[in-house]
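Engineer:
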Amino acid sequence: LDCPIFQFLPVFAQLSLKTSLISHILHYHTPSEYLTLPRQPLPFCSLPGPVDFPGIGSILNILWNGGLKNQHEIMKFGKIFKMNLGFFKSVQIGDPTMLETFLRTESIYPKRMDIKPWKMYRDYREEACGLLILDGQEWFQMRRATQNKLMKPKEIFPMDLRINEVMADFIPYIDNICDENGCIADLYSELNKLSYETICYVLYNERYGLLQQTCKEEALLFIKSVKEMMYYLGPLIVSSAELHKKFNTKQWQNHTKAWDNIFLTVKRCIDKSLAQNSVGKRDHLLHVINSDNLLTRKQLYGIFAELQIGGVETTANSLMWIMLHLSRNKDVQQKLLEEIQSTCPSYQAPTASMLQSLPYLKSCIKESMRLTPTVPFTSRTLEEDTNIGGYLIPQGTIAMINFHAMTWNDEFFPHAQEYKPERWMKDKHTINPFAHTPFGIGKRMCIGRRLAELQLQLTLKNLHCGEKNIAIALCLRM
Numbered sequence: 311l312d313c314p315i316f317q318f319l320p321v322f323a324q325l326s327l328k329t330s331l332i333s334h335i336l337h338y339h340t341p342s343e344y345l346t347l348p349r350q351p352l353p354f355c356s357l358p359g360p361v362d363f364p365g366i367g368s369i370l371n372i373l374w375n376g377g378l379k380n381q382h383e384i385m386k387f388g389k390i391f392k393m394n395l396g397f398f399k400s401v402q403i404g405d406p407t408m409l410e411t412f413l414r415t416e417s418i419y420p421k422r423m424d425i426k427p428w429k430m431y432r433d434y435r436e437e438a439c440g441l442l443i444l445d446g447q448e449w450f451q452m453r454r455a456t457q458n459k460l461m462k463p464k465e466i467f468p469m470d471l472r473i474n475e476v477m478a479d480f481i482p483y484i485d486n487i488c489d490e491n492g493c494i495a496d497l498y499s500e501l502n503k504l505s506y507e508t509i510c511y512v513l514y515n516e517r518y519g520l521l522q523q524t525c526k527e528e529a530l531l532f533i534k535s536v537k538e539m540m541y542y543l544g545p546l547i548v549s550s551a552e553l554h555k556k557f558n559t560k561q562w563q564n565h566t567k568a569w570d571n572i573f574l575t576v577k578r579c580i581d582k583s584l585a586q587n588s589v590g591k592r593d594h595l596l597h598v599i600n601s602d603n604l605l606t607r608k609q610l611y612g613i614f615a616e617l618q619i620g621g622v623e624t625t626a627n628s629l630m631w632i633m634l635h636l637s638r639n640k641d642v643q644q645k646l647l648e649e650i651q652s653t654c655p656s657y658q659a660p661t662a663s664m665l666q667s668l669p670y671l672k673s674c675i676k677e678s679m680r681l682t683p684t685v686p687f688t689s690r691t692l693e694e695d696t697n698i699g700g701y702l703i704p705q706g707t708i709a710m711i712n713f714h715a716m717t718w719n720d721e722f723f724p725h726a727q728e729y730k731p732e733r734w735m736k737d738k739h740t741i742n743p744f745a746h747t748p749f750g751i752g753k754r755m756c757i758g759r760r761l762a763e764l765q766l767q768l769t770l771k772n773l774h775c776g777e778k779n780i781a782i783a784l785c786l787r788m
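Following the numbering used here, the numbering of the sequence shown begins with 311 at its first residue and continues without gaps.
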């Protein structure tokens with residue numbers, strides 16, 4: 311999902327985009343000559359790209375070549391190329407220097423690609439939009455109201471106790487669900503349950519029993535609805551969502567039903583949690599965000615729906631990939647285990663502050679997100695004709711930052727297709743920080759980044775706790 315960033319514009323405007331990547335950029339400098347663009351850019355039509363058919367663009371070509379799962383293969387078109395995806399044209403950026411140059415031209419309110427089916431559902435049901443859908447001044451006001459709470463470590467780090475509490479239930483749970491051969495039938499579904507249990511406990515101070523013998527059915531319905539919503543989203547985007555809605559197609563009906571279930575759950579969670587604030591604990595994120603009373607109840611529904619979806623789907627996806635890479639690299643497993651055992655006592659639950667002494671653990675996660683990003687790209691909608699990489703890209707074109715085109719390129723990451731966490735420790739000062747931006751970049755960086763990172767790091771640490779290396783055992787069963 312694309313989304314620290316700019317709470318008060320005058321302050322952050324002075325710091326520029328480099329603020330969000332300062333730890334790397336202090337050591338990495340792009341020579342100014344590489345940022346210089348030709349005075350006479352080439353026309354958009356001269357860009358390379360896949361075969362473009364009238365009316366449907368490059369969709370047939372993409373499907374014929376395996377869809378989005380083979381995005382890395384489009385690197386054959388170079389570092390910048392065009393792709394017509396049905397009802398919108400895009401320019402794909404696969405070079406960190408081009409990306410840096412492009413982001414220097416960002417407006418005060420950067421505009422993302424419209425997710426029309428989501429926006430149409432909210433208009434249809436009169437629901438509020440979250441940060442992923444909003445643009446302009448309305449987006450800025452909501453971003454300012456939330457990022458000071460969600461992007462500051464001092465607000466997020468205290469959530470480590472809640473994450474550890476859920477993990478204390480998860481470890482015996484996975485032992486119980488293994489079959490006689492020590493296998494888990496559907497690990498991804500179990501990670502969805504873990505992620506849902508964690509995000510709801512962090513957001514609302516509520517547990518759902520997904521890691522127990524019995525659980526609340528609404529939790530399973532939410533997870534199922536998220537998967538169904540995502541399943542129908544693609545066809546609605548590349549075709550005409552307006553026509554689907556007008557003729558009430560099966561795709562539109564299923565997409566709408568899935569969102570109905572999502573909002574039903576989110577509203578119940580928020581209403582119940584706020585009603586209990588006067589008598590219960592107030593250390594969950596809903597209370598933290600709502601403490602300034604900057605958002606209406608309806609706006610809370612909109613933004614927390616997105617947070618809850620991201621907390622369930624993308625976090626579970628990231629964790630699954632991390633475990634897969636560890637399962638294929640026993641030397642990395644062993645090195646990670648040695649770092650944990652030498653740094654953290656097995657009898658003590660890991661804390662957010664303890665993670666600062668686990669650089670290899672963080673590198674394992676970062677390398678996994680480089681090799682297998684949860685989201686294949688992030689986007690911006692060009693608000694004026696723009697020179698990118700020597701080509702004049704017309705206003706309204708979707709600029710897609712293609713993660714695979716950069717992170718699988720040996721020019722930017724030597725031995726790019728190998729899982730090498732050491733590159734983030736030994737060679738990190740030689741890596742262009744714009745070449746790896748799994749949470750997006752700039753003013754619309756993912757608002758849930760800090761929470762997602764904390765959850766992934768604590769989960770991996772917990773799975774490696776003690777004498778029994780749970781993570782290795784799990785990985786080998788995948």
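Every residue gets a Cβ at the ideal spot worked out from N, C-alpha and C, and that includes glycine.
For I403, is the classification buried or exposed, using 16 other Cβ atoms within 10 angstroms of its Cβ as the cut-off for buried?
Structural biologist: Buried.
Engineer: Which residues mark the beginning and the end of the alpha helix (DSSP H) in which Y729 is found?
Structural biologist: Per DSSP, Y729 belongs to no alpha helix (DSSP H) and is neither H nor E.
Engineer: Nearest CA to the CA of W428: which residue from R578, A662 and E552?
Structural biologist: Comparing Cα-Cα distances from W428 to each of R578, A662 and E552, the minimum goes to E552.
Engineer: From T625, S667, L513 and N639, pick the residue whose C-alpha is nearest to that of N600; which is it?
Structural biologist: L513
Engineer: What is the rounded straight-line gap between the Cα of K526 and the Cα of C579?
Structural biologist: 13 Å
Engineer: Across which residues does DSSP place V401 in a beta bridge pair?
Structural biologist: Paired residues: K392 and A709.
Engineer: How big is the Cα-Cα spacing for A529 and S652?
Structural biologist: 38 Å
Engineer: Can you give me the Cβ contacts of Y309 inside the same chain, cut-off strictly under 8 Å, excluding the 5 residues immediately before and after it?
Structural biologist: Nothing can be reported for residue 309: it is not among the residues displayed for the chain, which extend from 311 to 788.
Engineer: With a floor of 4 residues, list each alpha helix (DSSP H) that falls wholly inside the stretch 457-517, ordered by position along the chain.
Structural biologist: 463-466, 470-487 and 497-514
Engineer: Of the residues L692, G440 and I650, which one's Cα is nearest the Cα of T415?
Structural biologist: L692
Engineer: Quick check on the DSSP output: what are the complete alpha helix (DSSP H) runs of length 4 or more inside the stretch 514-594, in order along the chain?
Structural biologist: Listed in chain order, the complete alpha helix (DSSP H) runs (minimum 4 residues) inside the stretch 514-594 are 527-548, 551-556 and 560-586.
Engineer: Rounding to the nearest angstrom, what Cα-Cα distance links M477 and E763 in this structure?
Structural biologist: 15 Å
Engineer: Which value, in whole angstroms, describes the spacing of the CA atoms of I418 and L668?
Structural biologist: Those two C-alpha atoms are separated by around 37 Å.
Engineer: Going by CA-CA distance only, name the one from G519, Y729 and C493 that's closest to K503.
Structural biologist: G519
Engineer: Check whether the stretch 728-742 and the stretch 438-458 touch, using three or more Cβ-Cβ pairs below 8 Å as the test.
Structural biologist: no
Engineer: Which one of F398, M385 and E490 has the shortest CA to CA distance from F362?
Structural biologist: Reading the sequence as shown, one finds Asp at residue 362 and not Phe. Nearest of F398, M385 and E490 to D362, Cα basis: F398.
Engineer: Going along the chain, which residues of its own chain have a beta-carbon closer than 8 Å to the beta-carbon of K582, five neighbours each way excluded?
Structural biologist: Excluding sequence neighbours, K582 sits near Y514 and E516.
Engineer: Tell me whether R453 sits in a helix, a strand or coil according to DSSP, three-state version.
Structural biologist: helix
Engineer: For S505 and D424, what's the separation of their Cα atoms in angstroms?
Structural biologist: C-alpha separation (whole angstroms): 27 Å.
Engineer: For N474, which residues of its own chain have a beta-carbon under 6 Å away from its beta-carbon, when the five flanking residues on both sides are left out?
Structural biologist: A659
Engineer: From T566, N697 and T559, pick the residue whose C-alpha is nearest to that of M430; which is it?
Structural biologist: T566
Engineer: My assumption, with CB atoms under 8 Å, is that L605 sits in contact with L646. Please give the rounded CB distance.
Structural biologist: Between L646 and L605 the Cβ distance is about 40 Å, and since that is not below 8 Å, they are no contact.
Engineer: Look up R690 in the DSSP assignment and say whether it is helix, strand or coil.
Structural biologist: strand
Engineer: Tell me which residue opens and which closes the beta strand (DSSP E) that N697 is part of.
Structural biologist: T696 to I698
Engineer: Between L584 and H597, what straight-line distance do the alpha-carbon atoms span, to the nearest angstrom?
Structural biologist: 7 Å
Engineer: In the DSSP assignment, find the beta strand (DSSP E) that holds I741 and state where it starts and stops.
Structural biologist: Element bounds for I741: n/a, residue is neither H nor E.
Engineer: To the nearest angstrom, how far is it from the Cα of N772 to the Cα of P704?
Structural biologist: Annotation: N772 to P704 spans about 49 Å, alpha carbon to alpha carbon.
Engineer: In angstroms, rounded to a whole number, what distance separates the CA positions of F723 and P748?
Structural biologist: So the two alpha carbons sit approximately 15 Å from each other.
Engineer: Can you list, in chain order, the residues of its chain whose CB lies under 7 Å from that of P468, leaving out five sequence neighbours each side?
Structural biologist: Cβ within range, chain order: D593.
Engineer: Please state whether the Cβ-Cβ distance between Y611 and F573 is less than 8 Å.
Structural biologist: The answer is yes: Cβ separation under 8 Å.
Engineer: What is the rounded straight-line gap between the Cα of S673 and the Cα of L501?
Structural biologist: 21 Å
Engineer: Taking the beta carbon of S368 as the centre, do at least 16 other beta carbons fall within 10 Å, making it buried, or is it exposed?
Structural biologist: buried
Engineer: Pick helix, strand or coil for I703, following the three-state DSSP scheme.
Structural biologist: strand
Engineer: Report the rounded CA-to-CA distance for T411 versus I698, giving the unit in angstroms.
Structural biologist: 8 Å
Engineer: Does the beta-carbon of E648 have 16 or more other beta-carbons within 10 angstroms, so that it is buried, or is it exposed?
Structural biologist: That one is exposed.
Engineer: Give me the Cα-Cα distance between M664 and E507, rounded to the nearest whole angstrom.
Structural biologist: 23 Å
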